[in-house]
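Asks: Residue numbers (my numbering): 1096 to 1307.
Here a beta-carbon is modelled for each residue, glycine too, at the ideal position from N, C-alpha and C.
Below you can see the structure in the form of structure tokens.
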């Protein structure tokens, strides 16, 4: 873990690197997108073969590239899992930072630490700023889906084919990243007077999100 040292808005020295989790999520999303694009291209290769069970000719996609397609599917899934967990961690680390530096570690541990991820985003901002972000904004819906996807991964269970509910992990990851740009803008407006958010997110990260 990074050993970045910085001073918070109360003048206290802190150690940590919250934005590192964002960087990891961006890298994983970028890699997953590249694999997804390659997969789409390879699936355009088709070949007709005879199916003795149906007594018909059927079209197989990805003909001649099956080994590569299996590899892509595996690597893309790894990217999505790592990206979702890293981005969810980043969001929670950010709201924890606001709570701890303004309300104190003791208060946070006693009253806020056990709250759900989404509840923290509602309650902490209300306590710190006297108002919260607009929970009707689309970024709250994307954050909710991100947390749900993260929970399914962290509390992983196998399922029967009938019980499997496929979710688009790449879409959830990318939406979670892109909507952060809007959330950050609203959050900085909320934070204008207090100036709690002292750490800086490198512009290159925000630009990379915009390019996804």
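#1: Here's a check: name, in chain order, each residue in its chain whose Cβ is nearer than 8 Å to the Cβ of residue 1277, leaving out the five neighbours to either side.
#2: Taking Cβ to Cβ, would you say residue 1189 is nearer than 8 Å to residue 1100?
#3: Report buried or exposed for residue 1271, applying the criterion of at least 16 other Cβ atoms within 10 angstroms of its Cβ.
#4: Check each candidate in 1255, 1213, 1158 and name the one with the smallest Cα separation from residue 1239.
#5: Measure from the alpha carbon of residue 1175 to the alpha carbon of each residue in 1109, 1304, 1119, 1283, then state which is nearest.
#6: Whose C-alpha, out of 1269, 1165, 1220, 1251, is nearest the C-alpha of residue 1192?
#7: Over what stretch of residues does the alpha helix (DSSP H) that includes residue 1253 continue unbroken?
#8: Between residue 1121 and residue 1296, which are expected to be in contact by the criterion C-beta below 8 Å, what is the C-beta distance as a whole number of angstroms?
#9: If I measure Cβ to Cβ from residue 1125 and keep anything under 8 Å in the same chain, skipping five residues before and after, which residues do I get?
#10: Between the beta-carbon of residue 1244 and the beta-carbon of residue 1262, is there less than 8 Å?
#11: Express the C-alpha separation of residue 1285 and residue 1106 in angstroms, rounding to a whole number.
#12: Mind checking residue 1215: buried by the 16 CB within 10 Å criterion, or exposed?
Replies: The answer reads as follows:
#1: Closer than 8 Å at Cβ, skipping near neighbours: 1232, 1233, 1234.
#2: Note that the C-beta distance between residue 1189 and residue 1100 is not below 8 Å.
#3: Around the Cβ of residue 1271, a 10 Å sphere holds 16 or more other Cβ atoms; the residue is buried.
#4: 1213
#5: 1119
#6: 1220
#7: Neither: residue 1253 is in no alpha helix (DSSP H) and is coded neither H nor E.
#8: Rounded, the Cβ-Cβ distance is 11 Å, inconsistent with contact.
#9: Answer for residue 1125: 1303, 1307, listed in chain order.
#10: yes
#11: 20 Å
#12: buried
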